[in-house]
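Working notes for the structure below.
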Amino acid sequence: MISRRRLTLQLTPLLDMLLIVVFLQYFQLRDREQSLAGEQQAIVTERSATQSQITELVQNLDALRQQLSYAETQASQARQRAVLDRQTLIQSQSTLQHVVDQQQVIGQLVHELFQIPPDDIQQLLNSTRGPGGVQTPADREKIMQRFRQLASGSPGKILEHLLSYEEIRKRCDVWTLHLEASGVATLSDGIRSRSLRVPMQDDGEVLREQFVAELFTWYRTLPQTKSLVVILLTYDRNSRIYLTESVRAAMPVWVGRMQADSAGRSRFEYADLGFRLE
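Residue numbers for the sequence shown follow our numbering, so the first one is 1 and each next one is one higher.
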C-alpha cells in the first residue's frame, strides 16, 4: 500500500515578499515620476529664461536698428548743413568787400550829415523845449559837446554810435506820443499807430481821466512789450498851453497804470522832448 504525503505551502511569507516587491516598485516609480517632474520644471524654467533672453535680444536689436537709422539721418542732415554752410561761406566771402565798402560810404555820408552849422544847432536847442520843458545851460552844452564829437569823429565812430543806438532799440520799445495843434494825439509803437482827440468838456477843460483810459486801451491792444518801454512826448509849436500841460500831467498816471498792469514784467519811462523839430 502506497502512503500519500501531504504537500503544505506556507503562503504568508510569499505574500509578504510579494507585497515588499510591490512597494519597492511603487517607491521606485514615485521617485522616477518626481525626478521626471523636476526635470520638466527645470526645462520649463530654462525655456522661459531663454525666451526672455531672446525677447530682450530682439528688443535690443530693434533699438540698435533705430539708433543706426537716427545716426544715418543725422549724418545726412549734417552733410546737407555742411554743403549749405560752404555755400553760405562762399557767398559771404564774395559779398564781404561789398559790405565793407558800403559801410564806409554810409559812414562818410553820416559824417557829412552831422556837419551842421553851430548857429543852426544852437537855434534848434533853444527852440526845442516848450513852455513847460526844462533845459538848463548845462544840458544844452552837453548836447552841443556830443554834436562836436560826432561831427569831428571818424566815419567808423559815427557808424558805431548809430549801430549802438540800433542795438538799444532792439532791447527796448520806443513809443511816441505827439500832440498836434488841433488837439489830436498820435500814438505809435513804431509799427502800429493810432490818433485820438484829447477829450474836453464844453468849457474847454481836458478830461484827463478819460484821456488816460483811452491811452491805456491802446496799450492793451499791443503785443507783449519788452522789459523796458520808453515813451517820447512831443507836440506842435502851435499847441495850446493848457493842452500840453494836461498831456504832461496825464503821462505819469498812464505810465503808472501800465506799470501796475505789467506786474513787473516791463518798466515804463517817458521823456518830454518838447516841440517837434521841423
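By construction, the Cβ of each residue, glycine as well, lies at the ideal position given by its N, Cα and C atoms.
- If the five residues before and after arginine 194 are omitted, its C-beta is found closer than 7 Å to the C-beta atoms of Leu187, Trp218, all from its own chain and listed in chain order.
- By DSSP's assignment, valine 230 forms a beta bridge with Val174, Glu269.
- With a threshold of 16 other beta carbon atoms within 10 Å, glycine 38 falls short and is exposed.
- Judged by pairs of C-beta atoms under 8 Å, the segment 226–237 does not touch the segment 194–205, as fewer than three such pairs exist.
- Phenylalanine 275 is bridged by DSSP to Tyr235.
- Around the beta-carbon of isoleucine 231, 16 or more other beta-carbon atoms lie within 10 Å, marking it buried.
- Here the segment 204–218 lies against the segment 237–250, with 3 or more beta-carbon pairs under 8 Å apart.
- Judged by DSSP in its simplified three-state form, leucine 18 adopts helix.
- Taken atom to atom, the span from the alpha-carbon of leucine 179 to that of alanine 213 is near 17 Å.
- Serine 182 counts as exposed, since fewer than 16 other C-beta atoms from the protein chains shown sit within 10 angstroms of its C-beta.
- In this structure, the straight-line span from the alpha carbon of proline 223 to that of phenylalanine 216 is close to 13 Å.
- The alpha-carbon separation between glutamate 33 and tyrosine 26 amounts to approximately 10 Å.
- In this structure, the alpha-carbon of arginine 81 lies about 10 Å from that of alanine 75.
- Distance check between leucine 177 and each of Asp189, Ile168, Lys170 places Asp189 closest, using alpha-carbon atoms only.
- DSSP places leucine 222 outside both helix and strand once states are collapsed to three, so it counts as coil.
- Linking lysine 170 to isoleucine 191 through their CA atoms gives a straight-line distance of about 14 Å.
- Cβ-Cβ separation between arginine 257 and serine 227: approximately 18 Å, too far for a contact (criterion under 8 Å).
- Taking a C-beta distance under 7 Å as the contact criterion, threonine 225 and aspartate 173 qualify as a contact pair.
- Residue pairing by DSSP puts alanine 185 in a beta bridge opposite Leu179, Leu196.
- By the beta-carbon neighbour count (other beta carbons within 10 angstroms, threshold 16), phenylalanine 23 is exposed.
- Buried is the label assigned to serine 239, since at least 16 other Cβ atoms lie within 10 Å of its Cβ.
- For valine 206, the pairing in a beta bridge is given by DSSP as Met200.
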